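Notes to accompany the following structure.
Chains as they are written, first to last, in our numbering: chain A, 9 to 262; chain B, 2 to 452.
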């Protein structure tokens, strides 16, 4: 068994809401292996989004630690976290979170801008990944000129452009219709597999769990089930294969 | 992030919000223009005064006048002059003594003493003081230092033109002013190359017991005429001791006696200081002795003082304007932070370090200041040009008669340009400080949740 890339040890997060304390995460222990596609599911309020934020270092735990690649990121300063994210983490949001005033190409280049990569190099990388998500014809478009599915594909390209080891996705298909959801999901899975990356996906949609190697279910801030997805191998290939074509030559790109 | 990326990102953000950015820049333009114009006007004023003073003459000469001749007054006599000479920083001090006759006196010269000059202005001064007082010799030399057999004088540069031909009734003088063609006439003669005779006529022509006094005089030098000092034009300088002898002999001949209780006191003494900074101290000491003083330097210092006061007041007005524009920059930037909260959050999540976020907002604010500064300086040049074109002639009335329409009213030297730019940019940066900190403190998580 390989060394886990993400280790969560006794993680606890308590929010203070007025006078009350809300326990978002009680005591989470979780190991995620490199190359794994891990889906965290749970009802609203189960703490799944909080867990993802903890894993990505967007907020500090009340107790416990998140160790990524052997480094306890819970202890990092904000700047160190920022630099850590630059190199190791890609993020996909439910509401895409593209900057509205710049083109798709520039949006995708953004993580590389923060890393100080030269314009020539980062545009080359951004073009390459935009091609891979099937948006070669939309590079100069601004987010407002694109459909939701296209915007999310820009979001995916942005998450992958710096070749991070881990991709976090928070309800990536939450704003998309079912057809586009399938496109986007299969594209994400394909990219993760191709680049041998780890994907941690948060969703309340049990349908998406079909794509995962492993399904972790949260309830009231605790892991209530953690199991391998048996049907994965077949369904993934079955579902992902035809969608690839759509992504590359689908109607949206023309 | 690379600096070039930072800059281009900031520029794009500013351009994106064209209207708000330009309004804020207008504020800075007004502020910068106010401060630059205020200072430039004060500089212009100072320049005008300096130019004026140059025309007035040597700044380091102090004029001293007498403490009166009454019994209770300190007389401005030889002893007082000697005391003044001993004050630290005094180069020379000399009385300026005129000839007091009450009757006609004249200098005659040329062949057969055919030309005469009535009532020339005599100045009896200490010969050593001539050169330090700034008089320059055009021909010949200064007054002799020791005693001489004949009376030796130095005359002003245009003295030769003051002689009148007594054999002619018309056209009997030569002019030292250029005619229509710019030609200047030659005088009748060169005073240094002719015999001169000074006659002090008796007070009462009817009285046969008194004689006219006649002296043979030699002009040993001619001064360079300096039109700002009229004594160099047609004055006649005599050694102080000779002046006193002439006066005594005249008084004796005409039976003029000074009243016993009246002390001897010079009307005027001129003092030259070794340098400008010691002028005020010398003046103070002389005033403490009981005499009045006047110097260009103290005049200049007074003017400088009032200019400085003006500078502070006008600079203050400009400063307030710039302060107001700083507040508007802060306001704009805070709004910008609000508007871009989500964007900032996304940037943070994507790995933008805190320093870069801060830099973005500081640079944006700094750029607003800088652009405002550039436009403000340009606008100031324009205003300055108009003021100088229109207002040049009005200063005479506006700023008091002393400032004729000389030089420019408003002057913007390079240092003022740089100061204006630096100030505007600095104000921008300072104004951006608080908004930048706010941006830095935004929680990435909260920001990206925001709709």
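The beta carbon of each residue, even a glycine, is placed where N, CA and C say it ideally should be. Since we're looking at a predicted model, the values are computed, not measured.
C-beta atoms of residue i and residue j nearer than 8 Å
i, j, result
"residue 6 of chain A", "residue 60 of chain A", "In the structure displayed, chain A extends from 9 to 262; residue 6 of chain A sits before or after that span and is not available."
"residue 432 of chain B", "residue 336 of chain B", "no"
"residue 81 of chain B", "residue 290 of chain B", "yes"
"residue 124 of chain B", "residue 238 of chain B", "yes"
"residue 142 of chain B", "residue 221 of chain B", "yes"
"residue 114 of chain B", "residue 202 of chain B", "no"
"residue 82 of chain A", "residue 69 of chain A", "yes"
"residue 85 of chain B", "residue 224 of chain B", "no"
"residue 7 of chain B", "residue 360 of chain B", "yes"
"residue 43 of chain B", "residue 421 of chain B", "no"
"residue 217 of chain B", "residue 310 of chain B", "no"
"residue 39 of chain B", "residue 319 of chain B", "yes"
"residue 20 of chain A", "residue 71 of chain A", "yes"
"residue 166 of chain A", "residue 89 of chain A", "no"
"residue 63 of chain B", "residue 284 of chain B", "yes"
"residue 369 of chain B", "residue 440 of chain B", "no"
"residue 13 of chain A", "residue 174 of chain A", "yes"
Min CB distance residue i to chain A below 8 Å
i, result
"residue 52 of chain B", "no"
"residue 410 of chain B", "no"
"residue 434 of chain B", "no"
"residue 438 of chain B", "no"
"residue 304 of chain B", "no"
"residue 351 of chain B", "yes"
"residue 445 of chain B", "yes"
"residue 2 of chain B", "yes"
"residue 365 of chain B", "no"
"residue 301 of chain B", "no"
"residue 340 of chain B", "no"
"residue 400 of chain B", "Note that residue 400 of chain B scores 42 on pLDDT, short of 50, meaning its location in the model is unreliable; the coordinates nonetheless yield the value given after this. No, residue 400 of chain B does not count as interfacial toward chain A."
Nearest neighbour of residue i, chosen from the options [CA to CA]
i, options, result
"residue 213 of chain A", "A/49, A/40, A/25 and A/15", "A/49"
"residue 26 of chain B", "B/305, B/83, B/300 and B/429", "B/429"
"residue 122 of chain B", "B/156, B/196, B/322 and B/128", "B/156"
"residue 119 of chain B", "B/186, B/76 and B/106", "B/106"
"residue 243 of chain B", "B/301, B/160, B/175 and B/147", "B/147"
"residue 99 of chain B", "B/32, B/179, B/249 and B/136", "B/249"
"residue 3 of chain B", "B/22, B/390 and B/353", "B/353"
"residue 115 of chain A", "A/218, A/138, A/217 and A/27", "A/138"
"residue 46 of chain B", "B/190, B/312 and B/266", "B/312"
"residue 424 of chain B", "B/96, B/391 and B/316", "B/316"
Chain B contact for residue i (CB, 8 Å cutoff)
i, result
"residue 205 of chain A", "no"
"residue 169 of chain A", "no"
"residue 84 of chain A", "no"
"residue 124 of chain A", "yes"
"residue 94 of chain A", "yes"
"residue 22 of chain A", "no"
"residue 131 of chain A", "no"
"residue 134 of chain A", "no"
"residue 121 of chain A", "yes"
"residue 105 of chain A", "yes"
"residue 118 of chain A", "yes"
"residue 91 of chain A", "yes"
CA-to-CA distance, residue j to residue i, given in whole angstroms
i, j, result
"residue 233 of chain A", "residue 51 of chain A", "13 Å"
"residue 405 of chain B", "residue 116 of chain B", "Unreliable positioning characterises residue 405 of chain B in this predicted model, as indicated by a pLDDT of 42, which lies under 50. A coordinate reading is not provided."
"residue 65 of chain B", "residue 181 of chain B", "42 Å"
"residue 399 of chain B", "residue 297 of chain B", "With a pLDDT of only 41 at residue 399 of chain B, under 50, the local geometry of the prediction cannot be trusted, and no value is derived from it."
"residue 214 of chain B", "residue 50 of chain B", "48 Å"
"residue 363 of chain B", "residue 327 of chain B", "13 Å"
"residue 74 of chain B", "residue 67 of chain B", "9 Å"
"residue 210 of chain B", "residue 255 of chain B", "9 Å"
"residue 386 of chain B", "residue 273 of chain B", "40 Å"
"residue 186 of chain A", "residue 62 of chain A", "29 Å"
"residue 112 of chain B", "residue 257 of chain B", "35 Å"
"residue 53 of chain B", "residue 411 of chain B", "16 Å"
"residue 98 of chain A", "residue 325 of chain B", "44 Å"
"residue 269 of chain B", "residue 417 of chain B", "44 Å"
"residue 84 of chain A", "residue 67 of chain A", "11 Å"
"residue 46 of chain A", "residue 438 of chain B", "38 Å"
"residue 172 of chain B", "residue 59 of chain B", "37 Å"
"residue 193 of chain B", "residue 126 of chain B", "20 Å"
Assumed close pair residue i, residue j - CB separation to whole angstroms, cut-off 8 Å
i, j, result
"residue 30 of chain B", "residue 427 of chain B", "About 16 Å separates the two Cβ atoms, so there is no contact after all."
"residue 271 of chain B", "residue 134 of chain B", "6 Å"
"residue 158 of chain A", "residue 184 of chain A", "The pair is not a contact, with the Cβ atoms about 11 Å apart (cut-off 8 Å)."
#### Entry: chain C contacts from the region 57-69 of chain A (Cβ-Cβ distance under 8 Å)
Considering every chain present, this structure includes no chain C. Its protein chains are A and B.
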